[in-house]
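*Asks:* Position one of the sequence shown corresponds to residue 146 (the working numbering), numbered consecutively onward. Virtual Cβ for every residue (Gly too), placed ideally from N, Cα, C. No experiment lies behind these values; they were computed from the predicted model shown.
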Amino acid sequence: MWKATLVLYQLFALGQRVQELQAQDDVTSAVITPQDCSLDCVQQGGPGCEYCRITRADLKRALGFNSIEGFGSCIPWPCFELLGKEDRKLCQHYVQAPNDVKVELVNELDPKSDTIVVSWKPSYYGIAFLRGFQVSLQALGGTSVACQLFLFHRNLSLSASHAQTVYKSDPFPGLSLGSQYAVTVMALPVPEEWERFYRSKFFSTRSCAEKNGLEQCKKDWYPKNIEVQQEGTAITVTFNLAPPNLGIRGYFSLCYANGMKKYTDITPNSSKNQTHHSYQLNDLEEGTNYSCEIAANEVDAVRKTFNVRVLRIQKGGSLPLSVTPSLALILPLSLAVVAMFVVLLAALIRRRPKFWMKKLDIKPDVIKQHRESVTQEEVMSLPSKRLTPPRLLICYSSYDGPAHVKAVMQLGAFIQQHMATQVCLDLWESLSVAEEGSMAWHCRQIRDSDFILVICSPGLNHRPKPPGGDDGGGVDEEADGGLCFGSDAFSSNAAVQLIGEEVGRAKAGGQDLSKYMAAIFNYSEEADIPTELRLVSHYTLTRDLQLLFSHLHTVALHGPGRYLKIHHISEEGYTELPAGEALQWAICEARLAKRHHSVAGLGVV
146 MWKATLVLYQ
156 LFALGQRVQE
166 LQAQDDVTSA
176 VITPQDCSLD
186 CVQQGGPGCE
196 YCRITRADLK
206 RALGFNSIEG
216 FGSCIPWPCF
226 ELLGKEDRKL
236 CQHYVQAPND
246 VKVELVNELD
256 PKSDTIVVSW
266 KPSYYGIAFL
276 RGFQVSLQAL
286 GGTSVACQLF
296 LFHRNLSLSA
306 SHAQTVYKSD
316 PFPGLSLGSQ
326 YAVTVMALPV
336 PEEWERFYRS
346 KFFSTRSCAE
356 KNGLEQCKKD
366 WYPKNIEVQQ
376 EGTAITVTFN
386 LAPPNLGIRG
396 YFSLCYANGM
406 KKYTDITPNS
416 SKNQTHHSYQ
426 LNDLEEGTNY
436 SCEIAANEVD
446 AVRKTFNVRV
456 LRIQKGGSLP
466 LSVTPSLALI
476 LPLSLAVVAM
486 FVVLLAALIR
496 RRPKFWMKKL
506 DIKPDVIKQH
516 RESVTQEEVM
526 SLPSKRLTPP
536 RLLICYSSYD
546 GPAHVKAVMQ
556 LGAFIQQHMA
566 TQVCLDLWES
576 LSVAEEGSMA
586 WHCRQIRDSD
596 FILVICSPGL
606 NHRPKPPGGD
616 DGGGVDEEAD
626 GGLCFGSDAF
636 SSNAAVQLIG
646 EEVGRAKAGG
656 QDLSKYMAAI
666 FNYSEEADIP
676 TELRLVSHYT
686 LTRDLQLLFS
696 HLHTVALHGP
706 GRYLKIHHIS
716 EEGYTELPAG
726 EALQWAICEA
736 RLAKRHHSVA
746 GLGVV
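In structure tokens form, the structure reads like this:
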């Protein structure tokens with residue numbers, strides 16, 4: 146009897162444990178979305194304020210002023226400012242960065258933009274002291290910033306089981322299609338130890354074709370169906386036309402072979418056929434293979450590639466109509482004539498090159514030797530020792546005006562997108578710079594980066610006066626010309642001076658200097674490179690983009706009998722990319738701005 150009672154008791158305890166585990170799984174697998182609740186409810190710790198969105202209106206009521214519109218509801222030290230005024234200990238504990246940061250695309254009706262929602266899980270470490278999250282979004286290669294702040298009420302303390310709970314942000318709408326962004330999720334309170342308190346993730350929005358379909362996107366449209374036919378020496382190409390709603394009226398075709406290029410302008414007659422059009426490629430050489438492209442006659446149109454093989458046409462005679470020999474006589478005679486013709490043709494083809502070489506006094510052995518000595522192009526793979534892309538810090542001077550700063554920003558975007566490198570730029574991490582302080586941020590990046598690139602310009606030689614300084618009543622040139630960007634300019638120049646000291650110290654100690662590089666744009670001069678930075682490798686951009694790539698990835702561009710050719714980062718090919726075209730335009734604007742400033746300075750004198 147007692148054994149049966151013991152078994153029933155164990156079964157009952159097991160059932161209770163299963164129910165507890167199921168209840169715990171329901172709690173930890175929950176998805177938490179932001180709530181509409183007042184900041185007063187968060188500060189007082191009332192019910193219904195577990196996970197609240199903080200708006201700019203809440204900040205104005207609490208702090209008495211509006212936050213910067215570009216930063217949304219985010220402010221430096223939000224925990225201390227909003228929750229820790231009465232109890233400072235509430236915001237002094239260490240909380241580690243969130244885990245499993247994800248970006249979800251949200252379907253919306255606007256065909257010209259995307260909307261995302263960010264999700265994440267809190268870390269186990271310090272979860273009992275977690276007070277909320279701050280989510281920021283930064284456009285790579287741009288200046289747009291969006292930020293959202295979420296807080297728990299002051300009496301809430303999460304347990305370790307909540308580390309599997311998924312928290313979500315509010316939607317980030319209006320993101321440009323085909324663009325790259327960086328999203329950062331930071332756990333609150335922000336600790337004094339500036340390590341592992343936030344998690345960043347890079348992502349790209351959908352292209353117009355991915356979201357709306359190719360037939361709805363003028364910029365992304367290209368002919369899908371191409372048919373090539375040959376009749377005699379005439380080549381006829383048939384392709385599908387763009388939908389009428391895109392407003393594409395003209396097309397063009399380019400064919401390449403043997404170093405020659407043939408352009409064909411195409412203007413279809415939509416009244417005859419609104420879906421397809423045929424055009425002819427004339428004056429093509431027989432027996433030649435052509436690589437052709439066709440696209441809409443629009444700026445940055447996508448090109449469709451196809452191949453054309455022009456067959457050689459054999460010209461032969463015909464018998465007179467009055468001659469009607471028998472089939473038994475014609476068939477052997479035709480076979481004999483064809484055989485003789487083939488033998489003669491082969492002999493002529495074999496002897497003709499030597500005949501012409503003798504006529505031009507060129508020895509065939511010399512041609513053969515030259516062909517064997519030509520450098521062969523090979524595919525070279527990058528070293529596989531590094532598991533992550535190299536981390537590059539770009540430093541510059543802000544005293545050369547906004548056009549120069551824009552050129553630096555476009556350079557960073559190009560390197561990150563097309564040179565397999567993770568770029569660190571203070572323009573992209575304004576929230577971290579504001580919280581750490583510009584000088585502290587630069588010091589940390591100098592220590593953690595694999596490479597440091599200093600963009601040299603005349604502004605590096607500028608020595609700013611201390612605030613309130615006066616040299617006798619003279620007018621400050623930067624204040625008059627509007628070239629000074631505030632305290633960040635002081636810190637960036639100080640960071641460059643710190644890098645120069647590190648280079649000098651490494652040189653004196655016989656250490657490797659490959660971590661440090663200097664560069665100038667083509668509107669600057671080598672004299673703009675500070676003396677201490679002339680000890681390191683320096684480049685002129687955009688001419689030396691391939692050399693910069695070689696330095697960052699430790700790969701040789703040339704080797705015995707081979708060379709590494711990277712077309713999209715060459716001086717001629719980088720402008721074919723949208724990021725490269727933007728970089729070229731920014732450099733042109735900076736050159737014009739510098740010339741205008743120089744002329745204005747001469748006029749003042």
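(1) Alpha carbon to alpha carbon, how far is Q562 from P723?
(2) My output table needs one value for I591: the three-state DSSP class, helix, strand or coil.
(3) Using alpha carbons as the reference points, say which of S258, L294, N244 and K257 lies closest to H307.
(4) Take T420 and list the residues in its own chain whose beta-carbon comes closer than 7 angstroms to its own, dropping the five residues that flank it on each side.
(5) Near C224, what residues of its chain come up, given a Cβ to Cβ distance below 6 angstroms and the 5 sequence neighbours on each side ignored?
(6) Buried or exposed for Q279, going by 16 or more other Cβ atoms inside 10 Å?
(7) Quick check on DSSP: helix, strand or coil for I380?
(8) So D203 is in the alpha helix (DSSP H); what residue range does that whole segment cover?
(9) For the beta strand (DSSP E) holding H713, just list the boundary residues, first then last.
(10) Helix, strand or coil for A639 per DSSP?
(11) Go through the segment 420 to 451 residue by residue and report every complete run of the beta strand (DSSP E) that reaches 3 residues or more, in order.
(12) At the level of alpha carbons, what is the spacing between W730 and R299?
(13) Based on the DSSP secondary-structure assignment, which residues constitute the bridge partners of F278?
(14) Take A175 and list the residues in its own chain whose beta-carbon comes closer than 7 angstroms to its own, dropping the five residues that flank it on each side.
(15) Go ahead and pull the three-state DSSP assignment for V251.
(16) Out of K234, V330, C733 and C182, point me to the one whose CA is closest to V550's CA.
(17) Report buried or exposed for S669, applying the criterion of at least 16 other Cβ atoms within 10 angstroms of its Cβ.
(18) Are there 16 or more other CB atoms within 10 angstroms of the CB of N452, so buried, or fewer, so exposed?
(19) Given that a residue counts as buried once 16 or more other Cβ atoms are within 10 Å of its Cβ, and exposed if not, what is G725?
(20) Within the present structure, is the beta-carbon of H238 separated from the nearest heavy atom of the ligand ZN by less than 7 angstroms?
(21) Quick check on the DSSP output: the alpha helix (DSSP H) that includes V578 runs from which residue to which?
(22) Cα separation between E622 and G604?
(23) Contact criterion: CB-CB distance below 8 angstroms. Does A484 meet it with respect to chain C?
(24) Would you please state the rounded distance, in angstroms, between the beta carbons of V328 and K346? I believe it to be under 8 angstroms.
(25) Using DSSP with H/G/I as helix, E/B as strand and the rest coil, what is M405?
(26) C733 by DSSP, collapsed to three states: which one?
(27) Buried or exposed for D571, going by 16 or more other Cβ atoms inside 10 Å?
(28) List the residues that DSSP assigns as beta-bridge partners of N390.
(29) So for G319, helix, strand or coil by DSSP?
(30) State the DSSP-derived secondary structure class of C224, mapped to helix, strand or coil.
(31) Nearest CA to the CA of H713: which residue from S695, D410 and Q691?
(32) Going by C-alpha to C-alpha distance, which of K652, A481, L456 and F666 sits closest to V541?
(33) For the alpha helix (DSSP H) holding Q562, just list the boundary residues, first then last.
(34) Can you tell me the Cα-Cα spacing of C588 and W222, whole angstroms?
(35) Counting C-beta neighbours from all protein chains within 10 Å, is the total for G190 16 or more, i.e. buried, or is it exposed?
(36) On a CA-only basis, which of Y401, E438, E443 and T260 is nearest E430? Give me that one, please.
*Replies:* Let me lay it out:
(1) Translated into the one-based positions of the sequence shown, residue 562 becomes position 417. Translated into the one-based positions of the sequence shown, residue 723 becomes position 578. Approximately 11 angstroms between the Cα atoms of the pair.
(2) Position 446 of the sequence shown holds residue 591. DSSP places I591 in helix when its eight states are reduced to three.
(3) Taking the first residue of the sequence shown as 1, we reach residue 307 at position 162. Comparing Cα-Cα distances from H307 to each of S258, L294, N244 and K257, the minimum goes to N244.
(4) Sequence index remark: in the sequence shown, residue 420 carries index 275 (1-based). Contacts found: N385 and L386.
(5) Working through the sequence shown from its first residue, we reach residue 224 at position 79. So the list reads C236, R276, L333 and P334, once near-sequence residues are dropped.
(6) Mapped onto the sequence shown, residue 279 falls at position 134. Classification of Q279: buried, given that the 10 Å Cβ count is 16 or more.
(7) As a working mapping, residue 380 is identified with position 235 in the sequence shown. If DSSP states are grouped into helix, strand and coil, I380 belongs with the strands.
(8) For this step, residue 203 is matched to residue 58 along the sequence shown. It spans R201 to L208 - the alpha helix (DSSP H) in which D203 sits, taken as one unbroken run.
(9) Working through the sequence shown from its first residue, we reach residue 713 at position 568. No beta strand (DSSP E) contains H713, which DSSP labels as neither H nor E.
(10) Counting from one through the sequence shown, the residue named residue 639 turns up at place 494. Looking at A639 - three-state DSSP - the assignment turns out to be helix.
(11) 421 to 426 and 434 to 441
(12) Within the sequence shown, residue 730 is the residue found at index 585, counting from 1. Within the sequence shown, residue 299 is the residue found at index 154, counting from 1. Going by the C-alpha atoms only, they are around 51 angstroms apart.
(13) Locating residue 278 in the sequence shown gives position 133, counting from the first residue. Answer by DSSP bridge pairing, in chain order: F295 and A332.
(14) As a position in the sequence shown, residue 175 is number 30, starting the count at 1. Correct list, in chain order: T310.
(15) Here residue 251 refers to the residue found at position 106 of the sequence shown. V251 falls in the strand class under three-state DSSP.
(16) Along the sequence shown, read from residue 1 onward, the residue named residue 550 stands at position 405. Here the closest residue by C-alpha is C733.
(17) Stepping through the sequence shown from its first residue, residue 669 is reached at position 524. When all chains shown are included, S669 counts as buried.
(18) Locating residue 452 in the sequence shown gives position 307, counting from the first residue. Result: exposed.
(19) The residue given as residue 725 occupies position 580 in the sequence shown. Classification of G725: buried, given that the 10 Å Cβ count is 16 or more.
(20) What this structure holds is no ligand at all, so the ligand ZN is not there to describe.
(21) Locating residue 578 in the sequence shown gives position 433, where the first residue counts as 1. Counting along the chain, the alpha helix (DSSP H) containing V578 begins and ends at S575 to E581.
(22) Here residue 622 corresponds to residue number 477 of the sequence shown, with the count starting at 1. Here residue 604 corresponds to residue number 459 of the sequence shown, with the count starting at 1. At E622, the pLDDT of 40 sits below 50, so the modelled position is not reliable; the number obtained from the coordinates is stated separately. For E622 and G604, the distance between alpha carbons rounds to 12 angstroms.
(23) In the displayed structure, chain C is absent; only one protein chain is listed.
(24) If you number the sequence shown from 1, residue 328 lands on position 183. If you number the sequence shown from 1, residue 346 lands on position 201. That pair is a contact at about 5 angstroms.
(25) On the sequence shown, position 260 is the one that residue 405 refers to. Looking at M405 - three-state DSSP - the assignment turns out to be strand.
(26) Numbered from its first residue, the sequence shown carries residue 733 at position 588. The answer is helix: DSSP assigns C733 an H, G or I state.
(27) By one-based count along the sequence shown, residue 571 stands at place 426. Under this definition D571 is a buried residue.
(28) The residue you call residue 390 lines up with position 245 of the sequence shown. DSSP output for N390 lists no bridge partner at all.
(29) Walking along the sequence shown from the start, residue 319 turns up at place 174. In the structure shown, G319 sits in a strand (DSSP, three-state: E or B).
(30) Sequence index remark: in the sequence shown, residue 224 carries index 79 (1-based). Looking at C224 - three-state DSSP - the assignment turns out to be helix.
(31) In the sequence shown, residue 713 corresponds to position 568, counting from 1. That would be Q691, whose Cα lies nearest to the Cα of H713.
(32) Position 396 of the sequence shown, counted from the start, is the residue given in the question as residue 541. Going by the sequence as given, residue 541 is Tyr instead of Val. It is F666.
(33) Within the sequence shown, numbered from 1, the residue matching residue 562 stands at position 417. Looking at the DSSP string, the run of the alpha helix (DSSP H) that includes Q562 is P547 to H563.
(34) Sequence index remark: in the sequence shown, residue 588 carries index 443 (1-based). Sequence index remark: in the sequence shown, residue 222 carries index 77 (1-based). Distance between the alpha carbons of C588 and W222 is about 21 angstroms.
(35) Taking the sequence shown and counting its residues from 1, one reaches residue 190 at position 45. When all chains shown are included, G190 counts as exposed.
(36) By one-based count along the sequence shown, residue 430 stands at place 285. With distances taken between Cα atoms, E430 lies closest to Y401.
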